[in-house]
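2 protein chains.
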Amino acid sequence: MYTIGKLSKNTGVTVRTLDYYDEIGLLTPSAKTDGGHRLYDEEDVMRLERILALKYMGFSLEQIKDILQHSPSTWQQSIQQQLEMVKREQERLKTLEQTLLGVYYSIEFEKDIDWSMIFSMIKLYQQDPEDIFQDYQAYLTDEDMRKIIDMNAQMSEEDIKAWTEINETIKKHLHLDPYSDEAWQLAERWISERIFGHDEALLGNLTAALSDLKEGVVFYPITKDVVSFIEHAYMAKQEKGEIK
Amino acid sequence: MYTIGKLSKNTGVTVRTLDYYDEIGLLTPSAKTDGGHRLYDEEDVMRLERILALKYMGFSLEQIKDILQHSPSTWQQSIQQQLEMVKREQERLKTLEQTLLGVYYSIEFEKDIDWSMIFSMIKLYQQDPEDIFQDYQAYLTDEDMRKIIDMNAQMSEEDIKAWTEINETIKKHLHLDPYSDEAWQLAERWISERIFGHDEALLGNLTAALSDLKEGVVFYPITKDVVSFIEHAYMAKQEKGEIK
DNA sequence: TATTGAAACGCACGTTACGTGTTGTTTTAT
DNA sequence: ATAAAACAACACGTAACGTGCGTTTCAATA
Numbered sequence: 077m078y079t080i081g082k083l084s085k086n087t088g089v090t091v092r093t094l095d096y097y098d099e100i101g102l103l104t105p106s107a108k109t110d111g112g113h114r115l116y117d118e119e120d121v122m123r124l125e126r127i128l129a130l131k132y133m134g135f136s137l138e139q140i141k142d143i144l145q146h147s148p149s150t151w152q153q154s155i156q157q158q159l160e161m162v163k164r165e166q167e168r169l170k171t172l173e174q175t176l177l178g179v180y181y182s183i184e185f186e187k188d189i190d191w192s193m194i195f196s197m198i199k200l201y202q203q204d205p206e207d208i209f210q211d212y213q214a215y216l217t218d219e220d221m222r223k224i225i226d227m228n229a230q231m232s233e234e235d236i237k238a239w240t241e242i243n244e245t246i247k248k249h250l251h252l253d254p255y256s257d258e259a260w261q262l263a264e265r266w267i268s269e270r271i272f273g274h275d276e277a278l279l280g281n282l283t284a285a286l287s288d289l290k291e292g293v294v295f296y297p298i299t300k301d302v303v304s305f306i307e308h309a310y311m312a313k314q315e316k317g318e319i320k
Numbered sequence: 077m078y079t080i081g082k083l084s085k086n087t088g089v090t091v092r093t094l095d096y097y098d099e100i101g102l103l104t105p106s107a108k109t110d111g112g113h114r115l116y117d118e119e120d121v122m123r124l125e126r127i128l129a130l131k132y133m134g135f136s137l138e139q140i141k142d143i144l145q146h147s148p149s150t151w152q153q154s155i156q157q158q159l160e161m162v163k164r165e166q167e168r169l170k171t172l173e174q175t176l177l178g179v180y181y182s183i184e185f186e187k188d189i190d191w192s193m194i195f196s197m198i199k200l201y202q203q204d205p206e207d208i209f210q211d212y213q214a215y216l217t218d219e220d221m222r223k224i225i226d227m228n229a230q231m232s233e234e235d236i237k238a239w240t241e242i243n244e245t246i247k248k249h250l251h252l253d254p255y256s257d258e259a260w261q262l263a264e265r266w267i268s269e270r271i272f273g274h275d276e277a278l279l280g281n282l283t284a285a286l287s288d289l290k291e292g293v294v295f296y297p298i299t300k301d302v303v304s305f306i307e308h309a310y311m312a313k314q315e316k317g318e319i320k
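Same order as they appear, the protein sequences are chains A and B.
For what it's worth, the working numbering labels the leading residue of the first sequence as 77, then goes sequentially.
For what it's worth, the working numbering labels the leading residue of the second sequence as 77, then goes sequentially.
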């Protein structure tokens with residue numbers, strides 16, 4: 077039989093936490109002294125170990141109470157749900173990391189932040205992926221969209237840095253004459269940044285989509301103004317007959 | 077000028093949230109009607125966009141208040157801290173995912189859960205990695221430890237499933253005579269499970285460490301009882317002169 | 001201008017998993 | 001027997017709001 081203090085020392089759980097678990101009925105001591113002090117036996121210790129294990133796995137105390145009431149055969153379902161939550165959370169953190177990197181380099185190259193872009197991006201992410209697809213379904217094939225999503229997911233820190241730099245550079249030179257050599261050089265750098273892997277069909281469809289839709293952002297970090305700049309430089313080059 | 081209701085509709089933020097932001101001084105409307113109703117202008121809208129962007133990035137409202145008071149040049153530091161937090165969180169979720177998978181397959185193969193193992197594991201993870209290393213430094217080289225950590229990080233779901241299965245199988249047959257063929261077959265399966273990549277030196281050091289240390293778990297999911305079983309089967313085979 | 005329904009205000013209590021602090025009681029050590 | 005330590009029980013605080021609820025103000029109609 078352990079007093080609450082001994083149990084606390086053995087498990088590393090604070091007395092207040094055990095107090096709380098008693099209060100919410102998650103772990104009630106199986107005995108008490110005449111004076112009312114709580115006494116925990118081996119079975120209680122086992123239950124506490126289970127509670128801590130489940131807590132580590134990310135379950136709430138309420139869920140833990142439920143789980144421990146049921147038989148182990150039903151636990152697999154809870155664990156699978158938890159696994160899915162963990163996977164979703166990992167994806168969220170991945171896109172969050174990319175966002176933070178994008179903003180970081182955005183400050184580095186521009187000394188300022190494109191807030192409205194980030195805001196549009198958030199609204200984009202908060203939508204159901206299905207809904208986003210619908211907006212672009214008229215312009216992009218399923219294959220196209222898969223490519224963009226993959227592209228987004230696989231960007232390394234270096235990719236994001238390079239991509240942010242060329243985009244910020246272009247934003248500073250939006251006023252350039254599309255027919256000028258400088259504009260075309262920027263456009264070439266943008267296109268060759270292996271983001272699209274020289275997939276000109278995809279690029280064409282995307283520019284078409286962007287011309288018609290109002291939002292400034294498609295998929296991070298592609299903004300309408302930059303794509304429009306590229307498009308114009310591209311068309312100018314075609315007019316001059318230097319590309320087909 | 078927007079009323080709180082209009083602003084709410086435009087941004088998707090609830091009125092109560094705007095109410096709260098006003099209350100904590102995060103977003104105070106720049107004007108009010110005679111009757112006391114709040115009026116937000118364009119600048120307020122911009123500030124709200126920034127707040128939402130920073131919130132999306134994982135900052136607390138308190139942090140956001142601080143950040144928005146400072147100049148953009150100091151923001152990079154905050155973003156980097158946030159990036160580090162995100163990376164740490166991702167690592168936590170990765171090990172958590174592996175734990176959940178381990179438990180999942182543990183139920184599948186054994187119809188029961190080794191709670192004390194999970195509990196030891198938690199205590200292990202809660203320790204400073206430095207402290208864990210210290211316990212094993214007498215037995216394992218830095219190279220060894222790096223291998224184990226890599227091995228742990230790179231396990232796929234399939235690896236975990238296979239690994240859990242062989243471990244659970246062995247746990248059911250701990251009573252087998254180390255000199256028996258069955259014991260040796262299990263030991264061979266365990267060793268060849270590409271976890272150690274036939275690294276017998278590492279395996280030897282690890283068994284030595286496990287013999288002396290009390291904890292049941294080293295690095296998930298390697299438990300003392302199983303390693304001990306392998307060791308005995310291995311020694312039996314050596315005695316019989318069938319391996320060197 | 002009076003009325004009325006919608007919008008907004010302000011206040012308070014609920015949420016999660018405890019931390020921190022206080023006061024009074026029980027246990028343990030001397 | 002007495003001092004010191006441990007414990008019980010209660011209350012308030014945290015973060016970021018959600019959810020009422022009664023009251024006041026606004027905007028549009030009669």
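We treat Cβ as the ideally placed atom computed from N, Cα and C, and that holds for glycine.
- Taking CB atoms only, residue 195 of chain B has a neighbour in chain A less than 8 Å away.
- Neighbourhood of residue 231 of chain B in chain A, by CB distance below 8 Å: empty, with the nearest CB roughly 15 Å away.
- Within the region 132-144 of chain B, 132, 133, 134 place their CB atoms closer than 9 Å to a CB of chain A, listed in sequence order.
- One Cα belongs to residue 279 of chain B, the other to residue 239 of chain B, and the distance between them is close to 16 Å.
- Put simply, the backbone Cα of residue 265 of chain A is about 38 Å away from that of residue 88 of chain B.
- The closest CA to that of residue 97 of chain B, considering only B/111, B/116, B/110, B/160, is found on B/116.
- For residue 180 of chain A, the nearest CB of chain B lies under 8 Å from its own CB, placing it at the interface with that chain.
- When Cβ-Cβ separations below 8 Å define contact, residue 129 of chain B makes contact with chain A.
- Using a Cβ distance threshold of 8 Å, residue 189 of chain A and residue 196 of chain A do not count as a contacting pair.
- Residue contact check for residue 164 of chain A against chain B: no CB pair falls below 8 Å.
- Taken residue by residue, none of the region 241-271 of chain B has a beta-carbon sitting less than 7 Å from a beta-carbon on chain A.
- Contact between residue 166 of chain A and residue 176 of chain B fails: their C-beta atoms lie close to 12 Å from each other, not under 8 Å.
- At least one CB atom of chain B sits nearer than 8 Å to the CB of residue 126 of chain A.
- DSSP, reduced to helix, strand and coil, places residue 104 of chain B outside both helices and strands of the structure shown, so it counts as coil.
- Judged by their CB atoms, residue 133 of chain B and residue 107 of chain B are not nearer to each other than the 8 Å cut-off.
- Among the residues of chain B, none has a CB under 8 Å from the CB of residue 119 of chain A; the nearest is roughly 12 Å distant.
- Looking at the DSSP output, residue 116 of chain A bridges to A/78.
- Residue 300 of chain A counts as buried, since no fewer than 16 other beta carbons sit within 10 angstroms of its beta carbon.
- Comparing alpha carbon positions, the residue from A/231, A/234, A/226, A/306 closest to residue 247 of chain A is A/306.
- For residue 89 of chain A, the secondary structure class from DSSP, reduced to helix, strand or coil, is coil.
- In this chain, the alpha helix (DSSP H) harbouring residue 171 of chain A covers 151-186.
- The residue among B/164, B/263, B/122, B/162 with its C-alpha nearest the C-alpha of residue 144 of chain B is B/122.
- Residue 124 of chain B is positioned such that its CB atom lies no closer than 8 Å to that of residue 140 of chain B.
- In this structure, residue 137 of chain A sits away from residue 80 of chain A, with a CB-CB distance that is not shorter than 8 Å.
- Here residue 90 of chain B is exposed: its Cβ has fewer than 16 other Cβ atoms, across all protein chains shown, within 10 Å.
- Taken through DSSP and simplified to helix, strand or coil, residue 217 of chain B comes out as coil.
- Counting only Cβ-Cβ distances below 9 Å, residue 105 of chain B has no contacts in chain A at all, with the closest Cβ about 19 Å away.
- CA-to-CA, the gap between residue 194 of chain B and residue 243 of chain B works out to about 14 Å.
- Residues of chain B with a Cβ closer than 7 Å to the Cβ of residue 198 of chain A are, in chain order, 128, 129, 132.
- Measuring C-alpha to C-alpha distances from residue 304 of chain A to each of A/285, A/210, A/218 identifies A/285 as the nearest.
- Its chain contains 134 as the residues whose beta carbon lies nearer than 8 Å to that of residue 162 of chain B, once the 5 sequence neighbours on both sides are disregarded; these appear in chain order.
- In this structure residue 127 of chain B is not in contact with residue 179 of chain A, their Cβ atoms being roughly 15 Å apart against a cut-off of 8 Å.
- Residue 223 of chain A sits in a helix when the DSSP states are folded into three classes.
- A direct Cα-Cα distance of roughly 43 Å separates residue 119 of chain A from residue 314 of chain B.
- For the C-beta of residue 172 of chain A, the chain B residues within less than 8 Å are, from N- to C-terminus, 132, 133, 134, 162.
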